[in-house]
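Which chain is which? The protein sequence lines are A and B, in order. Here the first sequence is numbered in this note's numbering, starting from 1001 and rising by one per residue. Here the second sequence is numbered in this note's numbering, starting from 47 and rising by one per residue. Glycine included, each C-beta is placed from N, C-alpha and C at the ideal position. Quantities reported herein were computed from a predicted structural model and do not represent experimental measurements.
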Amino acid sequence: MNALADILFGGLFQGSLYAMMAVGLALVWTTIGVFNFSHGVLMMLGAYFAWQLVDWGLAPALAFPIAVLLMAGVGWLLQATVVRPLIGRANLVLVVVITTLAAGSLIENGVLELWGPRSKQIPPLVAGNAMLGGVGVSLHQIAIIVVTPIILLALWLFLNRTRLGLALRAVAQNEDAACLVGLNVTMLYGLAFAIAASLAALAGIFLGGYRFMTPVMGADPLLKALIVVVFGGISSISGPIFAAYLIGFFEAICSYYFGLYWTPALLFAALILTLMIKPEGIFASRSRGLA
Amino acid sequence: MSVIETSAPTVSAPPRAPGRTPWMTELAGALVGLLVLALLPLVVGDAYGRHVLIMVFIYAVVASNWDLSLGYGGVFNFGHLALFGIGVYAYSLLTKLAMFDPWVALVASGVIAVVAAVVVTIPILRLKGIYIILVTFGFAQLVMQVILSQSDYTGGTQGIVRIPGLYWFDHNMVRDAKFAYFYIALAMLALSTLFLRVFVRSRTGKSVVALRDNEEYAVSRGVSLVRQRMITLAASAFFTGIAGAFYAAYQRNASVEVFGMSLATIVLSMVLLGGTGTIYGAIIASFVLTVFAESMADFGAWRPMITAVLIIVVMLVYPGGIVGMLKALWGLATRRRA
Chain A
1001 MNALADILFG GLFQGSLYAM MAVGLALVWT TIGVFNFSHG VLMMLGAYFA WQLVDWGLAP
1061 ALAFPIAVLL MAGVGWLLQA TVVRPLIGRA NLVLVVVITT LAAGSLIENG VLELWGPRSK
1121 QIPPLVAGNA MLGGVGVSLH QIAIIVVTPI ILLALWLFLN RTRLGLALRA VAQNEDAACL
1181 VGLNVTMLYG LAFAIAASLA ALAGIFLGGY RFMTPVMGAD PLLKALIVVV FGGISSISGP
1241 IFAAYLIGFF EAICSYYFGL YWTPALLFAA LILTLMIKPE GIFASRSRGL A
Chain B
47 MSVIETSAPT VSAPPRAPGR TPWMTELAGA LVGLLVLALL PLVVGDAYGR HVLIMVFIYA
107 VVASNWDLSL GYGGVFNFGH LALFGIGVYA YSLLTKLAMF DPWVALVASG VIAVVAAVVV
167 TIPILRLKGI YIILVTFGFA QLVMQVILSQ SDYTGGTQGI VRIPGLYWFD HNMVRDAKFA
227 YFYIALAMLA LSTLFLRVFV RSRTGKSVVA LRDNEEYAVS RGVSLVRQRM ITLAASAFFT
287 GIAGAFYAAY QRNASVEVFG MSLATIVLSM VLLGGTGTIY GAIIASFVLT VFAESMADFG
347 AWRPMITAVL IIVVMLVYPG GIVGMLKALW GLATRRRA
């Protein structure tokens, strides 16, 4: 019972964080066809914004939404400076990898300069602890497990039920046609980046309330998000979400039975196997050209 | 800065069609470039200046080999720095634990890097574009995780210190302002460049470019995608591994920092700044970027930020990189003369 609760809880918690990160990556990929390698850094910056606002005396309930909104602006700005001018280049994917990496390095070093290397922590969403099936857990983690599906559902509704969301998906499916029917593609690119950055900021706030924050805290979540989108396929939004929880559980099971050291290796082996059998991802039906 | 100017004739080889510049012209240009580099210690006498040049040569080897898989092969191998890191750790472990002779360990590290490259090629044989980036990126992280977790041998986050350096008969390697290391590094760069240029000019090299430019047509003409991709990555790994081993021997310590994103970003920007598919471009860019970064040592923490901005600006303004820029200038100059 104890082991089951442990795995279930760990899987749900990690899966929630991964889903939060991976959805942003997938959203940018499906809409613009580029990979944002500064996604982890955006997550870190969101957490630092939240920390700064709380430090200035704002209530977390107010500080967190403001930080998320600020990050939407940062996402937009990032898109306008290092992505949009490159659209149309032959080697767009590669060039954007390098520009977003460089932008990430710029932000990371900027944060280091501004806030220093000392690790910080932001207040949890909900303070306190609870016992659940014989496992001690913090209410903060439970809040994350509960809040994440709600946010992802809201995102899904936005993408499938609102005019703007449908426009975003239209660009993802056929950019030229979207342009022809009068959609503002440039604006939608910015929107995709803004939403992705907000989601990353939210993940940063989640993580910052649970672990200590450092300027390099985004590197590992970015890697996990990358693995998640490879697993789930990056052609849709729902694929990575399922894959995120799947990997969360995979990790929870592996670290329970084989130990923490072997988990990355096992995860990678599973990844290679997936790619050899179904390169477009487990949950992908068709993809935005595998190139 | 004289190096850049004298190397300019050698970069006039059209990148998209290897082999168009006559053999003799390129060889002459490359020899002149090599001669200039070999004479540099006459101008740069201090240990610090030579240290910068040695680092330039190491970067140049890593970046130009990356250009082989990325620029010519069109394979976005983001694990390239992991091959370098494998070279670093292979040399360190072989010399410290297995008591290999440093020179034997140096070559063995290159071979180990080749084996690693073959291993990482297997999962990406069927993949394209972004998927290759993701898998190779994951590979690099995995290697780092393994090194971190096997801390009994690798020192984990502490790294390895007091690695045996290279030797040259009875010569004291640190004497005469790193005189010996400078020439070993230069020899490594020369051999690597020779190897790369011969490779891309060969039939195999041309078939690799054919696969990049029109995969369906190349395959239909009987070029094996699987074999050529394997060969390309293996070929790009050998001198990368040796550069890693040399780096370990020169610095005499090893840490997992070589797997970090910041180093990968810098070396990748060398490849892209230089202009892909040229080999020489990556070498020139290594020189420019390293000297630029060193000249800003006074800026301290601002240095990585300035470098990042520079990378973004060049990527935005010059799609063809430094070689593209030089070619545009060259074209302008020759047109005016005509």
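Note down, in chain order, every chain A residue with its Cβ under 8 angstroms from the Cβ of I325 of chain B. Simply none; closest approach about 17 angstroms.
When DSSP labels each residue in this structure, what does L1260 of chain A get in the three-state scheme? Residue state for L1260 of chain A is assigned as coil, using DSSP reduced to three classes.
Can you tell me whether I1241 of chain A is buried or exposed? The criterion is at least 16 other CB atoms within 10 Å of its CB, across all chains shown. Buried, since its Cβ has 16 or more Cβ neighbours within 10 Å.
S195 of chain B touches chain A at which residues, Cβ-Cβ below 7 angstroms? Within 7 angstroms Cβ-Cβ: Y1261.
Measuring CA to CA, which of B:G120, B:L152, B:F146 and B:F122 is closest to G133 of chain B? The closest CA to that of G133 of chain B, considering only B:G120, B:L152, B:F146 and B:F122, is found on B:L152.
Determine the DSSP secondary structure at M315 of chain B, reduced to helix, strand or coil. In the sequence under discussion, the amino acid at residue 315 of chain B is Ser, which differs from the Met named in the question. S315 of chain B: helix per DSSP, three-state reduction.
Can you find a C-beta in chain B that's less than 9 angstroms from the C-beta of I1227 of chain A? True, the Cβ-Cβ gap to chain B drops below 9 angstroms.
By a C-beta neighbour count over all protein chains shown, 10 Å radius and 16 as the cutoff for buried, is N1002 of chain A buried or exposed? By the neighbour-count criterion, in which a residue is buried when 16 or more other Cβ atoms sit within 10 angstroms of its Cβ, N1002 of chain A is exposed.
Within 7 angstroms of chain A by C-beta, residues of the segment 306-320 of chain B in sequence order: Hits within the stretch, in order: M307, S308, T311, L314, S315 and L318.
Starting from V1135 of chain A and walking both ways along the beta strand (DSSP E), at which residues does that stretch end? Its beta strand (DSSP E) spans residues V1135 to S1138.
Can you tell me where the alpha helix (DSSP H) with M1131 of chain A in it begins and where it stops? Unbroken run through M1131 of chain A is the beta strand (DSSP E), N1129 to L1132; no alpha helix (DSSP H).
In chain order, what residues of the same chain lie with their CB nearer than 8 angstroms to the CB of S1119 of chain A, ignoring the 5 residues before and after it? Excluding positions up to five away in sequence, the list reads F1212, M1213 and T1214.
Using beta-carbon positions only, say whether A1050 of chain A and A1059 of chain A come within less than 9 angstroms of one another. Contact flag unset, no.
Just mark Y263 of chain B as buried or exposed, buried being the case when its beta carbon has 16 or more other beta carbons within 10 Å. When all chains shown are included, Y263 of chain B counts as exposed.
Determine the contact status of I325 of chain B and G156 of chain B, defining contact as a CB-CB distance below 9 angstroms. It is not a contact, given that the beta carbons lie outside the stated cut-off.
Quick check: the segment 136-150 of chain B against the segment 366-379 of chain B, are at least 3 beta-carbon pairs closer than 8 angstroms? The segment 366-379 of chain B makes no contact with the segment 136-150 of chain B, as fewer than three CB pairs between them are under 8 angstroms.
Can you find a C-beta in chain A that's less than 9 angstroms from the C-beta of L279 of chain B? Closer than 9 angstroms: no.
Closer than 9 angstroms, CB to CB, is M351 of chain B near chain A or not? Yes, its Cβ sits closer than 9 angstroms to a Cβ of chain A.
To the nearest angstrom, report how far apart L1008 of chain A and T1263 of chain A are at their CA atoms. Distance between the alpha carbons of L1008 of chain A and T1263 of chain A is about 16 angstroms.
Give the single residue among A:Q1141, A:Q1121 and A:L1191 whose Cα lies nearest to the Cα of N1129 of chain A. Shortest Cα-Cα distance from N1129 of chain A to any of A:Q1141, A:Q1121 and A:L1191 involves A:Q1141.
Decide if L232 of chain B is buried, meaning its Cβ has at least 16 other Cβ atoms within 10 Å, or exposed. Answer is buried; the Cβ neighbour count reaches 16.
Can you pull the chain A residues whose beta carbon is under 7 angstroms from the beta carbon of M361 of chain B, in chain order? Under a criterion of Cβ atoms nearer than 7 angstroms, the residues of chain A adjacent to M361 of chain B are, in order, V1095, I1098 and T1099.
Assuming contact is defined by CB atoms lying nearer than 9 angstroms, are I1237 of chain A and L1267 of chain A in contact in what I supplied? Result no, Cβ atoms of I1237 of chain A and L1267 of chain A do not sit closer than 9 angstroms.
Sequence-distant residues of the same chain with beta carbon closer than 7 angstroms to E1175 of chain A, five excluded per side: Here the set comprises V1185.
Using 9 angstroms as the threshold, is the C-beta distance between S1105 of chain A and P350 of chain B below it? With a cutoff of 9 angstroms on beta-carbon distance, S1105 of chain A and P350 of chain B are scored as near each other.
List the whole-angstrom C-beta distance separating V181 of chain B from P169 of chain B, where the pair is believed to meet the contact cut-off of C-beta under 8 angstroms. Contact flag correct, Cβ pair sits at about 6 angstroms.
Pairwise C-alpha distance: S308 of chain B and L85 of chain B: Looking at the two C-alpha atoms, the distance is approximately 32 angstroms.
Is W348 of chain B close to chain A, meaning its C-beta is less than 9 angstroms from at least one C-beta of that chain? Yes, its Cβ sits closer than 9 angstroms to a Cβ of chain A.
Between S1119 of chain A and chain B, is the shortest Cβ-Cβ distance under 9 angstroms, so that the two count as touching? Taking Cβ atoms only, chain B never reaches closer than 9 angstroms to S1119 of chain A, which makes this a no.
Rounded to a whole number of angstroms, what is the C-alpha to C-alpha distance between R208 of chain B and L1070 of chain A? Taking the straight line joining both Cα atoms gives about 48 angstroms.
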